[in-house]
Structures are given as C-alpha cells and as structure tokens.
Amino acid sequence: MAEETGKFNQETTENDPTKSEIAEGSDPLTQRLNSNDDAGVSSEVLEDPSTLKIWDASSIPFEFTGKAKEFFGIWLSNLLLSILTLGIYSAWAKVRRRRFFLGHTLIGGHRFDYHADPKVILKGRAVVVSVLVVLSLVSKLSPVLSGTSLVLLMLALPWLANRSLRFNARMTSFRNIRFDFIGAYGKSLLAFVLLPLLGLLSFGLLQPFATRYSGRYLAANYSYGEAKLESDPQLERLYKGFFQAFSIISLPVVVLLGIMAQHDWELERLILIPDDGATGWFIDFSPFALIITFYLAFFHYRAVVRNSILGSLSISSIHQLKSEISGFRLAWIVLSNTFLTLISLGLLQPWGAVRRWRYETESLQLIPGGSLDEFIGKIQPAEGVIGSEYTDLQDIDVSV
C-alpha cells in the first residue's frame, strides 16, 4: 500500500507542477516524530527542524503555516489566468488554492494534502454548466416547466451534496491516508432539504434539531482510512446557542418597542422626536442596529454549532477533537475582511482568506487516545466530481 501511495503521489506531482509549490524551499527533518511509526505508513516531516515542538500528550493543536504574501501570488495568477482562459483555468485554480490551504495545515508537524486532477474537475464543470443551461432554457418555455425544474433541482441537491462530499474527501489525505465519505440519499434529503425547511417553517424553533441531525449525518458517513468518525452534539447546547442568538437579535427590538410604548404607539410622534436626543438617535440608528445584531447572532450560532459538532467528533472512538472558536471574533474577522477587501479593490482578499483560515484552523485541537499510526489508509477512486462542481458554482456550503 505504501508503494502504491508513493507512486500515486509521485505521478500526481509530475503531471501537475502546482502540487510541488508547497514542498519547494522546505528543509526536511530526518528524524520521525514518533519512533514507532508503522512501516506501511510513510511519516512526513516538519518543514524546519527549529519548529519541532514537544506537545502536551493530552492535546495536539492544529497549525497553519501559510503566509498571505505567498497566497497572494497564487491568487493573482489564478485570477488572471481564469480571465484569460474564459474560466477554463478555474479548475486548476481550485486545486492550487486547496493545496495551499491544506498543505499548510499541520497536526503535530504532519500536513494535509489534496490530490484532485484539474482535468477531471473541468469535465465535471462542463457537464454541470450544460445541464444548468438546458434547465434555464426549459424553464423559460412555461411557468409549469420552470416550477418543475426548481423541484428537480431541489430533489437532486442531496445526491449532488453526497457526490461533492465524497469527491473532496477522497481527494484529501493526511499522512498518505485518504478520507472518504459515503452517504445515503434519503438521509441526505432529510439533512439538507427537509429538516432545514422544517426549521424555517417553525420560525427557527426546530433549527437545533435540524442542525444536530445534519452534524451526526456528516460525521457518521466520514472515515479516515478504515477508521470511522462519529459526532453526537448535545441538543441542549445547540438550543442554548440558539436562544442566545435570539436574545442578541431581540435587544434592539425590545428597546424600540419600549420607545414606541412611551409614545402611545403612534408613528407620527416617533418621527417628530428630535434627532439630537438619545431616543431620536437610536430610532435613526435602529435599522443598522438590527442588521448588526442579526450579523452577530448568525456568527454566534455558527460558532456554537461548530464547537458542538467538532467538539464531540471522535475518530474510531479513540481520538477526539476540540473546537474553541468565538462567534464574535469570527464575525469581526469576516466584517473587517470584507471592509478591507472593498477599500483595497479586492487586493486584500487573499490576506483576509489566510487570516480567517488561520483562526478557524488554530481553534482546533486533537486529543489523541492512542497512536495515529494504527490507521490503515485506503486509496479511493475519484468519484463525485459533478456534484462537487455544482455546489461550487451555486455557492452551496454543506460543510460544518
């Protein structure tokens, strides 16, 4: 298995020079991190011997070593080549981007890798674009056909999500051991369509149930080599986060209702309030206050979901993950990234992407319950590319 894996990685590097970008300039450390590595699993090395750390056996933090300056060159060349080739190079751009971020993500000195073939991705995108064009033309013929096309896309979403998750999992490896994802259509329909719709119809009250089911479904269908993953987020914790988010949104609403009550609920009296007073200032600012609180509430609940699902994630019931991300800090990072990207006319977008990835990555820790070398990697065929490209084109995020 090690010989096949080494041959696969060598052939991939020769066929695609972008794969060697991360490895260039590295100074390998010849000593293995663990002296009891199995002969069947090749041990990776740290980029610089000076970075060798003695981790606390109780936890191993995730690290990100990527630099914004390095990613800026990748981002700029990806953008220019994608424009010059009318989008054809975007498949290669996707692979280069993923290899940069995953290749600079380390656990205990070992990095992740991404093995996708851009030509396969390009073929998948061509098929997806063709199908979308046909559906668009058909939907213009009559309202009935338009509604039918929408229903068909909704029914196809679970299949597309499963194929997307499977492809990207099988193209990702850690220490030459491939990830995998195997999902069922019925459970995917519940996780990605029916339960989120039910949560929406219940004004969010059932959203924690939908979130918990989706998290359990995703984790239960992932595997790392032969090791199964599982997660059982606490429903109580999700509801606590949901009501905290609701409280954040309710704060300006309660204040505004209190002001209206003082003025006998008459809109004309509210309009006549002087702008120089605190009450008048709050009324003028209330639309922005609602937007800000919705924004903060969204990221707070997102952080609670991430910490709950990843914090209860176990690998083969031995190794455990721990997530400590802050919703308010994440909201600040996203907001400031957006602002700086706008005022820089997009030039600071790579810096913002690296900044956010670093924070989300370094908020994770691995709590090992044994040697990671016990896992046996399985090289999987490249399946599910069409579903992956549909979710990319439509900006559908099915990850935690």
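Position in the sequence shown (first residue = 1) + 384 = our numbering.
Glycine included, every Cβ here is placed at the ideal spot set by N, Cα and C.
For A788, which option in R483, L578 and T725 has the closest C-alpha, if you only look at C-alpha atoms?
Given that the chain is displayed from residue 385 to residue 784, the structure contains no residue 788 and the question cannot be resolved.
Quick one: grab the DSSP three-state call for E431.
As a working note, residue 431 is residue 47 in the sequence shown. In this prediction, E431 has a pLDDT of 41, which is less than 50 and means its spatial position is unreliable; nothing more can be read from the coordinates.
Which of helix, strand or coil does DSSP assign to R559?
Indexing the sequence shown from 1 puts residue 559 at position 175. Correct three-state label for R559: coil.
Between which residues of its own chain and L694 is the CB-CB distance below 6 Å, once the five residues before and five after are set aside?
For this step, residue 694 is matched to residue 310 along the sequence shown. Counting only Cβ-Cβ distances below 6 Å, and skipping sequence neighbours, we find L705 and S707.
Tell me, which residues are paired with R600 by DSSP?
Numbered from its first residue, the sequence shown carries residue 600 at position 216. Answer is none; R600 lacks a bridge partner.
Contact under 8 Å by Cβ, G570 with N605
The residue labelled residue 570 in the question sits at position 186 within the sequence shown. The residue labelled residue 605 in the question sits at position 221 within the sequence shown. The Cβ atoms of G570 and N605 lie no closer than 8 Å to each other.
Report the residue from D616, V718 and R739 whose alpha carbon sits nearest the alpha carbon of S696.
Position 312 of the sequence shown, counted from the start, is the residue given in the question as residue 696. Considering only alpha carbons, the answer is D616.
Can you look up F678 in the DSSP assignment and give me helix, strand or coil?
Start at 1 with the first residue of the sequence shown, and residue 678 comes out as number 294. Here F678 sits in helix by DSSP.
Check the C-beta distance from F448 over to W741 and give it rounded, since I have them as a contact under 8 Å.
The sequence position of residue 448 within the sequence shown is 64, counting from 1. The sequence position of residue 741 within the sequence shown is 357, counting from 1. Correct: roughly 6 Å between the Cβ atoms.
Checking 8 Å against the spacing of the C-beta atoms, do I472 and L516 come in under that value?
Residue mapping note: residue 472 aligns to position 88 of the sequence shown, counting from 1. Residue mapping note: residue 516 aligns to position 132 of the sequence shown, counting from 1. No, Cβ-Cβ distance for I472 and L516 is not below 8 Å.
Could you tell me whether the Cβ atoms of H684 and F723 are closer together than 8 Å?
Translated into the one-based positions of the sequence shown, residue 684 becomes position 300. Translated into the one-based positions of the sequence shown, residue 723 becomes position 339. Contact: no.
When you compare only the Cα positions, how much space is there between S747 and R690?
Within the sequence shown, residue 747 is the residue found at index 363, counting from 1. Within the sequence shown, residue 690 is the residue found at index 306, counting from 1. Roughly 11 Å separates the two Cα atoms.
If you run the structure through DSSP and keep just helix, strand and coil, what is E708?
Looking up residue 708 in the sequence shown gives position 324. It is coil, neither helix nor strand.
Only counting the same chain, and skipping five residues up and downstream in sequence, which positions put a Cβ closer than 7 Å to that of V522?
Numbered from its first residue, the sequence shown carries residue 522 at position 138. Excluding positions up to five away in sequence, the list reads L529 and S533.
Compare the beta carbon distance of A673 and A629 with 8 Å and say whether it is the shorter of the two.
Position 289 of the sequence shown holds residue 673. Position 245 of the sequence shown holds residue 629. Contact: no.
Closest by CA to K612, which one among S700, I676 and L465?
Reading the sequence shown from its first residue, position 228 is the one you call residue 612. If we check each option's Cα against that of K612, S700 comes out closest.
Here's a check: name, in chain order, each residue in its chain whose Cβ is nearer than 8 Å to the Cβ of L719, leaving out the five neighbours to either side.
Counting from 1 along the sequence shown, the entry for residue 719 is found at position 335. So the qualifying residues of the chain are Y679.
Applying the criterion that 16 or more other CB atoms from any shown protein chain within 10 Å of the CB defines a buried residue, is T489 buried or exposed?
The residue given as residue 489 occupies position 105 in the sequence shown. The residue in question, T489, is buried, as its Cβ has 16 or more Cβ neighbours within 10 Å.
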